[in-house]
Amino acid sequence: MITFWILAPIMVLAALGILFVRKAVHAALLLAVVMISLAVLYLTLQAPFLFAVQIIVYTGAILMLFLFVLMLVGVDASDSVVETIKGQRFLAILGGLLLGVVLVVGLSQMSLGAVVGLDDANANGNVSALADILFSRYVFAFEVTSALLITAALGAMVLAHRERLVPKPTQADLAAQRMQDYAASGKHPGNLPTPGVFARHNAVDTPALLPDGTASESSVSRVLAARGTVRSAPTMADDITEIEKQLGQAPHAGRDASAPATTEEEAPAT
Amino acid sequence: MTPYVVLSSILFTIGCVGVLTRRNAIVVFMCVELMLNASNLALVAFAKQHGNLDGQITAFFVMVVAAAEVVVGLAIIMTIFRTRRSASVDDASLLKY
Chain A
6 MITFWILAPI MVLAALGILF VRKAVHAALL LAVVMISLAV LYLTLQAPFL
56 FAVQIIVYTG AILMLFLFVL MLVGVDASDS VVETIKGQRF LAILGGLLLG
106 VVLVVGLSQM SLGAVVGLDD ANANGNVSAL ADILFSRYVF AFEVTSALLI
156 TAALGAMVLA HRERLVPKPT QADLAAQRMQ DYAASGKHPG NLPTPGVFAR
206 HNAVDTPALL PDGTASESSV SRVLAARGTV RSAPTMADDI TEIEKQLGQA
256 PHAGRDASAP ATTEEEAPAT
Chain B
64 MTPYVVLSSI LFTIGCVGVL TRRNAIVVFM CVELMLNASN LALVAFAKQH
114 GNLDGQITAF FVMVVAAAEV VVGLAIIMTI FRTRRSASVD DASLLKY
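Residue numbers (the numbering used here), protein chains in the order written: chain A, 6 to 275; chain B, 64 to 160.
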């Protein structure tokens with residue numbers, strides 16, 4: 006019972022957290038807390054087989070599937086707070102509170118009598134006792150479950166399948182398309198410039214500098230640009246001027262901070 | 064066994080409110096899972112109460128069905144996201160008009 010009183014507040018708090026957190030990933034992690042605590046509660050309820058299944062199937066498989074889909078959908082697809090139906094949220098919370106109060110009051114007033122316990126039923130081990138029942142009385146339900154699982158797998162495949170409407174472009178098609186783009190809009194047919202500013206930074210979030218000192222937008226990934234994590238080239242030039250100041254060097258003549266590409270070392274006098 | 068059943072009903076209620084209030088389809092789905100888990104807890108608690116393993120078998124079947132349901136449900140969410148670029152349950156309202 007000590008386990009229960011330790012875990013029950015954790016579970017309720019984590020479950021309440023699912024209602025209030027804004028990011029779906031946090032909700033998934035809180036759900037993992039609830040599920041693992043639930044597995045431990047199964048252990049105290051003399052269900053070691055369900056303890057293992059809860060952790061392997063629920064926390065291991067189902068929750069990872071959730072996280073997988075979250076990753077595909079985008080982790081920052083957060084909730085909107087706009088109400089489509091007026092007063093829906095208030096009524097939902099009111100109804101939920103009502104349901105909770107009715108359930109809790111009703112259940113706490115009922116008397117269940119003495120606990121029989123599963124010591125007799127689990128005499129030969131919980132797993133073999135469960136297997137005895139599963140493969141005798143519930144064998145039809147068990148077989149039907151296999152049909153359900155196959156149907157679910159097929160359904161997922163059908164839903165995820167996308168028919169190809171146009172033939173796949175070959176390498177020759179792509180090359181012809183590149184040359185056509187070059188003729189039509191002057192788009193460079195070669196590969197895109199690589200990221201990195203000379204030898205100082207070659208990280209992928211650092212844009213390449215064009216000869217005139219401006220950053221080349223096509224040199225960094227579109228994803229990084231959309232996230233806004235691309236480092237700006239002028240701040241790096243600030244770095245350089247800072248270091249030069251510390252060294253006590255006079256800045257080069259004819260160079261200002263907005264044109265950082267002209268930071269090449271002066272050729273040593275020979 | 065009463066505390067277990069009360070905890071199970073509290074978790075069920077929280078899941079219920081979550082399904083009604085949250086907008087993100089994936090979080091709504093998580094709340095459905097929470098409700099299934101809550102009912103499982105009640106089943107396992109009553110199995111111990113009555114000294115009968117049928118409750119545990121039922122909880123096992125609930126887990127299997129939940130696994131199948133999650134597979135299909137998440138595939139549907141993925142398909143909707145692919146066509147509508149949104150996982151919000153409010154955006155899928157074409158049948159309304």
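Virtual Cβ for every residue (Gly too), placed ideally from N, Cα, C.
These figures come from a predicted structure and were not determined experimentally.
Mapping the DSSP letters down to three states, classify residue i as helix, strand or coil.
i	result
A/Leu214	strand
B/Asn87	strand
A/Ala204	Confidence at A/Ala204 is low in this model, with a pLDDT of 49, below 50, so the placement of that residue should be treated as unreliable; the coordinate-derived value is given next. A/Ala204: coil per DSSP, three-state reduction.
B/Ala131	helix
A/Thr8	helix
A/Ser116	coil
B/Ser151	strand
A/Ala97	helix
A/Ala152	helix
A/Ser263	Model confidence at A/Ser263 stands at a pLDDT of 47, short of 50, so the residue's coordinates are unreliable and nothing is read from them.
A/Ala136	helix
A/Ala52	coil
A/Ala32	helix
A/Ala272	For A/Ala272, the predicted model reports a pLDDT of 45, less than 50, meaning its position is unreliable; a value from the coordinates is still stated below. In this structure, A/Ala272 counts as coil in the three-state DSSP scheme.
A/Ala126	coil
B/Leu74	helix
Out of the options, which has the shortest C-alpha to C-alpha gap to residue i?
i	options	result
A/Asn196	A/Ala188, A/Ala208 and A/Ala180	A/Ala180
A/Asp124	B/Asn115, B/Thr121 and B/Asp154	B/Asn115
A/Leu43	A/Arg27, A/Val17 and A/Ala32	A/Val17
B/Ala150	B/His113, B/Val127 and B/Val90	B/Val90
A/Ala57	A/Met69, A/Val78 and A/Asn131	A/Asn131
A/His31	A/Pro194, A/Met76, A/His166 and A/Glu148	A/Met76
B/Ile140	B/Met93, B/Val127 and B/Ile77	B/Met93
A/Ala119	B/Phe75, B/Phe109 and B/Asp117	B/Phe109
A/Ala165	A/Lys28, A/Ala213, A/Val74 and A/Ser223	A/Val74
Cβ atoms of residue j and residue i: under 8 Å apart, would you say?
i	j	result
B/Gln119	A/Leu46	no
B/Leu106	B/Thr121	yes
B/Val152	B/Ala101	no
A/Ser226	A/Pro198	no
A/Leu48	B/Lys111	no
A/Gly160	B/Ala130	no
A/Val235	A/Asp217	no
B/Ile73	A/Val109	yes
A/Pro200	A/Met184	no
B/Leu158	A/Ala13	no
B/Phe123	A/Ala146	no
A/Leu68	A/Ala33	yes
B/Val82	A/Ile98	no
A/Val38	A/Ile60	no
A/Leu117	B/Val133	no
A/Val107	B/His113	no
A/Ser224	A/Ala231	no
Could you name the residues of chain A that residue i contacts, counting a contact when the two beta carbons are closer than 9 Å?
i	result
B/Ala108	Leu46 and Leu50
B/Leu157	Under the 9 Å cutoff, chain A gives no residues; its nearest Cβ is about 14 Å from B/Leu157.
Residues of chain B with a CB under 9 Å from the CB of residue i: which are they?
i	result
A/Phe71	Ile89, Phe92, Met93, Glu96, Val133 and Leu137
A/Phe9	Pro66, Tyr67 and Leu70
A/Thr150	Phe124, Val127, Val128 and Ala131
A/Gly105	Ser72, Ile73, Phe75, Thr76, Ile77, Cys79 and Val80
For a contact meaning CB atoms closer than 8 Å, what does residue i contact in chain B?
i	result
A/Val78	Ile89, Ile140, Met141, Phe144 and Ala150
A/Gly160	Val134, Val135 and Ala138
In chain B, which residues lie less than 7 Å from residue i when you measure between Cβ atoms?
i	result
A/Ala157	Ala131, Val134 and Val135
A/Arg94	Thr84
A/Leu117	Met64, Thr65 and Gln112
Are at least three pairs of beta-carbons, each pair with one atom in the segment 93-111 of chain B and one in the segment 12-27 of chain A, less than 8 Å apart?
yes
Cβ contact check for the segment 140-150 of chain A and the segment 62-80 of chain A: 3 or more pairs under 8 Å:
no
Can we say the segment 150-160 of chain A touches the segment 142-155 of chain B, given the rule of at least three CB pairs closer than 8 Å?
no
Quick check: the segment 95-114 of chain A against the segment 64-82 of chain B, are at least 3 beta-carbon pairs closer than 8 Å?
yes
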